[in-house]
Amino acid sequence: MRQGLQAFRSTLFSIALLLSPVLDASPLSNPPLRVATEGSYPPFSYFDTHGQLTGFDVDIALALCQEMQRSCDVKAVPWVDLIDSANSGQVDFIVASMARTAERERYLAFSDYYYRSRSIFVGIPERFPSLAPEALSGIRITTGRDTIQASYLQKHYPYSTLLLADDQEQAMELLVQGDADLILSDTINLLDFLQRPASSRFDFIGPPLVAPELQSEAHIAVAKDNTPLLQAINTALSNIRLNGTYEHINRHYFPFSIY
Amino acid sequence: MRIDNVNTNRLQHFHPSLIRTLHLAILVTLLTLALCVWLAMPLLSGIVDKARQTSTVELPALTRSRHDARSVELLYGYINALYWVEDPFIARKNRLQAQVLIHGFEFPPDSALAATSNRLLVQIQGLSQLRQEQSDTLTALHKISAELSQPLTAAPQAFAGNDAWFELQLALSRFAGIGSELTIKGHDWHTLAHDTERLSARLHDWAPRTPTVAALLGQQQALLQQQLTQLNRLTELASQADQLHAEALQHQLHLAELLNSGAALRAQQLADAVENDARQVRHYTLILLAVFALASSLILFLLNYFIFRPIMNINRALRLAIKGEECSRQAPRTLFHELNTICASVRQYGSMTHKLQLANQELKRLSQQDGLTGLANRHYFDAQLASEHARACRYGHSLCLILFDLDHFKRINDRYGHLVGDECLRRFANTLQQFSQRSGDLAARYGGEEFALILPNMTLPQAQALAERIRAQTEALPLEHDGEAIRLTLSGGLVHTDHTRLYSEQELLLQADQALYCAKQQGRNHIETTAWTPTERSPQLGGSTAS
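Top line first, the protein sequences correspond to chains A and B. Residue numbering for the first sequence follows our numbering, starting at 9 and increasing by one per position. Residue numbering for the second sequence follows our numbering, starting at 79 and increasing by one per position.
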C-alpha cells in the first residue's frame, strides 16, 4: 500500500515535470519577445513628437505581451524588410496592419484578424468623376511598395502610372507635393491623412474598393513554424478583446470601433 | 414461497441452457447500453453543435451587432455635429469620420442595412455639401454687406437734415451691419429677405426724387437685389439642410432599428435548448442508473436462486452420496440444463454408491455369519476375540470365554437325520443368542457342533451362572421328532480372568478347550471352569456339574 502511494507520488511528480514547460510562463524566466512594426503608418505605428514609437499597432503588441505575461521589445522595421525579419528569426512577431495573402503565407503564419479596414482612393474629388481603369488612364497613382494595394493596382489599373513609395508617409508626401494624382490606401490610415490641415483639398473618392485581393482584415504574423507562439497570440488576442483592453486602445486612437 | 411453486411448475418443462442464458443476458445488457447511447448521442451532439453555434455564430454576431449599434449611435453625433457646427474644418473632420465609419460597416450587400447605410452616407455628404454652399453664400452676402455700407460715407449734402433720407441711410447701414454678422445658424432668412425687399422698394421710391444720387441708389438697389437673391438661396438651403438633417436622423434611427438583430434571442434560445438537452441527458442517465441498479439486484437474486443455491444443493447431495445415503430428494431439479445434467450425475452417483454400500454390507455380513445358525462364524469369532482381548487389556477389565460342544450330536444326526440335526443346531444357536445381548458379547459357531461365547467385563460367578443357565435351558429345549422327544445336552469349558493382559487369546482359547475336554471327561452335560488369577500362573480348574 505504502509502495503504491509512493509510486503514485512519483507519477504525479513526473507529470508535473512534463507539464512544467507549459505551466512555466513567468516573464522573468523568458527572454523578451521581439516585436516588429512599421513605424511610418499613422495612426497605427508612428514616431510621436518626442521621437517615441507609438500607435495602435504598438499598443496592441504591448497589450498582447502583457496578456502572455512576457516582456516585449517593440521596434520599427521598414515595411519592405518586415517579412524577412520574422522569417530570419530576428523578430518573434509582426504587428504591422498586415493583410494575409497567399504569397506572405509562404513565409509567415497569421493570427486571427485584429482590426478591419477597407482600401479607398484619395485625391482631389472634382478631378475624378469616374474611377474606371480607362478613366484613370495616364493618371499617377501612388501606394506603398509590396502592399496588397500595389498588387491590386498592377492588376486592375494597367493604363495608370504606378508610383510605389517605400512607406505610406512617402506616398502621401507624393500626393501633397503634386507628384501623384491619387493615392490608394487603407481608409483609417487615409482618414488620419485627410484630417491634417495640409490635405484639406483632398477627399475620399468613391466607395471603398471591393476585390478579393483587398482583404479588409489586418493580422499579426509570426514565423511559419512558430505555432505555439501563434496559438498564444490568438488566445491573448481573444482575451484582450473580451477583457476590454482592446476597446481601451481602440478608443484612444479612433472614435469608433475598428474591430 | 408462491414464487417457488410457480417456478417449480415451470421448471418441470422449461430448462434453458445456462450458457445461452448468460449470452442472452450479455446481449440484453449490450442492447440496453446501445439503446442508451442511441438516445443520448444525438442529444449530446446537439448540445455540442448548439454550443459551437453559440460561440462561433451567435456570440460573434452579437458582438458585431453591438459594435454596429454603437457605431450607429456615433453617427447620430456626427449628423448633429455636421448640422450645428459652423467651423468648416471641424465639419469636414466629422464628415470624414462618419464616412469611414459607414465604410467600415460590413453589411451584406443588397440588404436593407447596406441600402440604408449607403443612403445615410449620401445624406451626410449632401448635408456637408449644403453647408459648404451655405458657407459660400454667406461669404457672398458678407461681400455685398461690405459694399452696401461704403456709400454711406459719401452722402449728398442736399439731403442733410432730411429725416426720411437719414432714416433710409440708417436702415441701409444697419442692414449692412447685420449682413456682416450673419452666420449659418440662428437667423430668420425669410424676415431678412422681407426687410431687404421693403428697403429695396423704398430706394426705388426715392430714386426719382433724388436724381443726383440716383446712380448710387440704383447701385445699392442692385446690391440689395443680389442680397435678396442670396438670402432666398440661404432660405432654400436652410430648409434643404433642415430636411436633410431630419431625413438623416430618421435613417440613422432606421439603421439602429435594423441592427436590432435576433442574435441575442437566438443565443438565448440555443442556451435554453442546450439546457433542455442536458436535462434530458441527465434524466436518461438517472433512469439508466436506476435500471442498472435494479437489473443488477435482480441478476444477483436470479444468480443466487437459479445457480448458486442449486450448486450448493448439488454439493450437499454429493456429500450425502459419498456418505452413502439415499438421495433422491437431495439434488432437486433446477432451471438450467447444465445444472440438471450435473444433478442427474450426482443422483446417479448417489444411487450407485448406495447400491455398492448395500452390497458391501451384504458381503460383510456373509463373511462374518454362519449360514445355518445366523451366529458369527469362526473367522469373525477369531477377529472378535482378538479385538475383545485387546479391549480388555486396554481397559483392564475381565474377559470370559466359554466353549460349548453338543453332547453326542453325531448320534442325533445319525438317528434323526441331518435336517433334525440342523434344527437342533439352530435352536441352540437361538438360545445362545439370547444370552449374548450385551455390547461386546459374541456368540459364534466354532466348528460343526461346537460354539463359543465371548463375555467381556463379567465376574466369574456371573459367567458361571450364565453358562449354567445356558446349559439348563438347552437341556430343557422342547425338541421332538415324530413325537419322540429329543434330549439335547452340552458340555462347556469356561475360562475367566480378571487380568486379561497376562494371557494371550490363544492361551485363553487353549484353556477353554482343555476345560471343555475336562467337562467331556467328567461325563458331559457339565460346565468346567478355569479361573485365572495373577498369583497362579497355572489355571485353576473348578467344576460345576449339571443338576
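Beta carbons are placed, not taken as given, at the ideal position from N, Cα and C, and that holds for glycine. The structure displayed is predicted, hence computed values, not measured ones.
{"Query": "DSSP three-state label for Ser53(A), please.", "Result": "strand"}
{"Query": "What residue does the beta strand (DSSP E) around Thr151(A) start on, and which one ends it?", "Result": "Arg148 to Gly152"}
{"Query": "What is the rounded straight-line gap between the Cα of Phe101(A) and the Cα of Ala226(A)?", "Result": "14 angstroms"}
{"Query": "Where does Ser445(B) sit, in a helix, a strand or coil, going by DSSP?", "Result": "helix"}
{"Query": "Alpha carbon to alpha carbon, how far is Gly182(B) from Ile222(B)?", "Result": "44 angstroms"}
{"Query": "Which term fits Gln305(B), buried or exposed, when burial requires 16 or more other beta carbons within 10 angstroms of its beta carbon?", "Result": "buried"}
{"Query": "Which whole runs of the alpha helix (DSSP H) in the region 60 to 148 of chain A are 4 residues long or more, in chain order?", "Result": "64 to 75 and 90 to 95"}
{"Query": "Leu199(A): which of Leu572(B), Arg311(B), Arg170(B) and Trp243(B) sits nearest, CA to CA?", "Result": "Arg170(B)"}
{"Query": "Could you check whether Leu520(B) and Thr548(B) sit closer than 9 angstroms to each other, using their CB atoms as the reference points?", "Result": "According to the sequence displayed, residue 548(B) carries Ile and not Thr. Their beta carbons are not under 9 angstroms apart, which means Ile548(B) does not touch Leu520(B) by this criterion."}
{"Query": "I'd like to know if Leu219(B) contacts chain A, where contact means its C-beta is closer than 9 angstroms to some C-beta of that chain.", "Result": "no"}
{"Query": "Quick one: using the 10 Å Cβ neighbour count with 16 as the cut-off for buried, is Gln162(A) buried or exposed?", "Result": "exposed"}
{"Query": "Just to check my reading of the structure: Val178(B) and Asn172(B) have Cβ atoms closer than 8 angstroms, yes? What is that Cβ distance to the nearest angstrom?", "Result": "In fact, because the Cβ distance is near 11 angstroms, the residues do not count as touching under 8 angstroms."}
{"Query": "Assign Ile257(A) to buried or exposed, taking buried as 16 or more other Cβ atoms, counted over all protein chains shown, within 10 Å of its Cβ.", "Result": "buried"}
{"Query": "I need the DSSP call for Asp576(B), collapsed to helix, strand or coil.", "Result": "coil"}
{"Query": "With H, G and I counted as helix, E and B as strand and the rest as coil, what does DSSP make of Ile262(B)?", "Result": "coil"}
{"Query": "From the beta carbon of Ser149(B), is the nearest beta carbon of chain A less than 9 angstroms away?", "Result": "yes"}
{"Query": "Between the Cα of Ser93(A) and those of Asn242(A), Val230(A) and Arg249(A), spot the shortest distance and give me the residue it belongs to.", "Result": "Val230(A)"}
{"Query": "Closer than 8 angstroms is the cut-off here; do at least three beta carbon pairs connect the region 45 to 53 of chain A with the region 76 to 88 of chain A?", "Result": "yes"}
{"Query": "For Thr231(B), I'd like the list of residues in its chain whose CB is within less than 6 angstroms of its CB, leaving aside the five on either flank, ordered along the chain.", "Result": "Note that Thr231(B) has pLDDT 48, beneath the 50 cutoff, so the model's placement of it is unreliable and the number below is only indicative. So the list is empty, once near-sequence residues are dropped."}
{"Query": "Starting from Leu152(B), find everything on chain D with Cβ-Cβ shorter than 7 angstroms and list it in chain order.", "Result": "Of the protein chains in this structure, namely A and B, none is chain D."}
{"Query": "Short of 9 angstroms Cβ to Cβ, which residues in the region 183 to 215 of chain A face chain B?", "Result": "Thr195, Ile196, Leu198, Leu199, Leu202, Gln203, Pro205, Ser208, Asp211, Phe212 and Pro215"}
{"Query": "Using the Cα positions of Ala541(B) and Leu533(B), report the straight-line distance between them to the nearest angstrom.", "Result": "8 angstroms"}
{"Query": "Once the 5 residues before and after Phe92(B) are set aside, which same chain residues still bring their CB inside 6 angstroms of it?", "Result": "none"}
{"Query": "Can you check whether the CB of Thr109(A) is closer than 9 angstroms to the CB of Ile156(A)?", "Result": "yes"}
{"Query": "Could you check the C-alpha separation between His475(B) and His577(B) for me, to the nearest Å?", "Result": "7 angstroms"}
{"Query": "Which word fits Pro137(A), buried or exposed, when buried means at least 16 other C-beta atoms lie within 10 angstroms of its C-beta?", "Result": "exposed"}
{"Query": "Out of Ser569(B), Ser582(B) and Asp591(B), point me to the one whose CA is closest to Gln600(B)'s CA.", "Result": "Ser569(B)"}
{"Query": "Would Thr65(A) pass as a contact of Ser127(A) if the rule is Cβ separation under 9 angstroms?", "Result": "Reading off the sequence shown, one finds Asp at residue 65(A), where the question assumed Thr. Their beta carbons are not under 9 angstroms apart, which means Asp65(A) does not touch Ser127(A) by this criterion."}
{"Query": "Whose C-beta lies closer than 6 angstroms to the C-beta of Arg579(B) among residues of the same chain, with five residues either side of it excluded?", "Result": "Cys471"}
{"Query": "Measuring only between beta-carbons, confirm whether Gly182(B) sits less than 9 angstroms from chain A.", "Result": "yes"}
{"Query": "Where does Pro534(B) fall in DSSP's three states?", "Result": "strand"}
{"Query": "Inspect the beta-carbon positions of Leu484(B) and Ile490(B) and report whether they are closer than 9 angstroms.", "Result": "yes"}
{"Query": "Hey, Ile272(A) and Leu72(A) are a contact pair by Cβ (cut 8 angstroms); roughly how many whole angstroms apart?", "Result": "Look at the range of chain A in this structure, 9 to 267, and you will see that residue 272(A) is not part of it."}
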